[in-house]
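The next block holds one structure in the form of structure tokens; read it before the comments.
Chains as they are written, first to last, in the working numbering: chain A, 1051 to 1150; chain B, 14 to 195.
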């Protein structure tokens, strides 16, 4: 019998892998994918609790998170394109012009 | 264990394995295109999870928005920019080790907390029997336009701002030199 714990453990694993992606990789495109992984992990937890508590609020929230993720990707990728256009290179460690 | 819950478990573990392997593929693939395709497998297996959890509308939305829009946008940008193949161990070994150690600790903490706790009794009114009587889209739509109207409106404003922002950022300035920044 599947319980909410099964889904939450899967969600925690996906979140951790997404966090590792953001921390370890230096390509901003891959880092965005890590952020998407973390958002998806949170969504899975929302839907699982929504199902096991018989409350649709969690699923509505997932819908909001979907729009936030779409907006985040659109702006983030536009930033990556703009940075690439300016300096032909998208390594996040080399983009430190604003460092004081 | 009856046949229904056995099938449910099989589907869960199958797609959970695909999701975790796909997520690992995102971190470990050297080529960004492979990372993006691994991400697609995560999205699709999560859609399968949503079906298991009686959230058919979200499963469809997951496929359409994530696998359809977000992932295509990723692939599009990867193909347009064609960045140099990312070197996997770009960070120093110590940084990677510390990052992995702390994240694993976080995962262990979450799992330990959740496994030691107990979920509250289901008090909501949308039990599987109720869900079977209504269209899933109908319920979510009604909630979005009544109880969750403010978040819905904020989300639409956010999308508008994001569209304008993305267009402004990605637009090529007239007569701008390619290397404006040193």
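Built from N, CA and C at the ideal position, the CB exists for glycine as well.
Bear in mind the structure is a predicted one, so any value in this text is a computation, not a measurement.
**OP:** With 8 Å as the threshold, decide whether the Cβ of residue 139 of chain B is near any Cβ in chain A.
**Re:** Here residue 139 of chain B corresponds to residue number 126 of the second chain, with the count starting at 1. For residue 139 of chain B, the answer is yes, since a Cβ of chain A falls inside 8 Å of its Cβ.
Original post:
For residue 1143 of chain A, which of helix, strand or coil comes out of DSSP?
Top reply: As a first step, residue 1143 of chain A must be located in the first chain, where it is residue number 93. Three-state DSSP puts residue 1143 of chain A in a helix.
**OP:** Report the three-state DSSP secondary structure of residue 43 of chain B (helix, strand or coil).
**Re:** Along the second chain, read from residue 1 onward, the residue named residue 43 of chain B stands at position 30. Reduced to three states, the DSSP call for residue 43 of chain B is coil.
Subject >> Nonlocal neighbours in the same chain, by C-beta distance under 7 Å from residue 1119 of chain A, ignoring five residues either side >> reply: Translated into positions along the first chain, residue 1119 of chain A becomes position 69. Only 1086, 1089 meet the Cβ criterion.
Original post:
Do you know how far the Cα of residue 1097 of chain A is from the Cα of residue 1147 of chain A?
Top reply: One-based indexing of the first chain puts residue 1147 of chain A at position 97. One-based indexing of the first chain puts residue 1097 of chain A at position 47. Taking the straight line from one Cα to the other gives about 41 Å.
Original post:
Helix, strand or coil for residue 160 of chain B per DSSP?
Top reply: As a working mapping, residue 160 of chain B is identified with position 147 in the second chain. Of the three classes helix, strand and coil, the one that applies to residue 160 of chain B here is coil, per DSSP.
**OP:** Confirm, please, whether the CB-CB distance from residue 59 of chain B to residue 21 of chain B is below 8 Å.
**Re:** If you number the second chain from 1, residue 21 of chain B lands on position 8. If you number the second chain from 1, residue 59 of chain B lands on position 46. No.
Original post:
Which same chain residues, not among the five before or five after residue 158 of chain B, have their C-beta less than 8 Å away from its C-beta?
Top reply: Here residue 158 of chain B is taken as the residue at index 145 of the second chain, counted from 1. For residue 158 of chain B, where only same-chain residues beyond five positions count, the Cβ hits under 8 Å are 165.
**OP:** With 8 Å as the threshold, decide whether the Cβ of residue 151 of chain B is near any Cβ in chain A.
**Re:** To locate residue 151 of chain B, count along the second chain from 1; it is residue 138. False, the Cβ-Cβ gap to chain A never drops below 8 Å.
Subject >> Neighbour flag for residue 1146 of chain A against chain B, beta carbons, 8 Å >> reply: Position 96 of the first chain holds residue 1146 of chain A. Chain B contact via Cβ: absent.
Subject >> Beta-carbon proximity of residue 68 of chain B to residue 1101 of chain A, cut-off 8 Å >> reply: One-based indexing of the second chain puts residue 68 of chain B at position 55. One-based indexing of the first chain puts residue 1101 of chain A at position 51. Contact: yes.
**OP:** Please check if any C-beta of chain A sits within less than 8 Å of the C-beta of residue 78 of chain B.
**Re:** Along the second chain, one-based indexing puts residue 78 of chain B at 65. Yes - at least one Cβ of chain A is within 8 Å of the one on residue 78 of chain B.
Subject >> Minimum Cβ-Cβ distance from residue 1149 of chain A to chain B less than 8 Å >> reply: Residue numbering aside, residue 1149 of chain A sits at position 99 when the first chain is read from its first letter. Chain B, which has no Cβ nearer than 8 Å to the Cβ of residue 1149 of chain A, makes this no.
Original post:
Is it the case that the Cβ atoms of residue 1202 of chain A and residue 1103 of chain A are separated by a distance below 8 Å?
Top reply: Limits of chain A in this structure are 1051 at one end and 1150 at the other, which puts residue 1202 of chain A out of reach.
Subject >> Span separating the alpha-carbon of residue 27 of chain B from that of residue 1144 of chain A >> reply: Taking the second chain and counting its residues from 1, one reaches residue 27 of chain B at position 14. Taking the first chain and counting its residues from 1, one reaches residue 1144 of chain A at position 94. Taking the straight line joining both Cα atoms gives about 41 Å.
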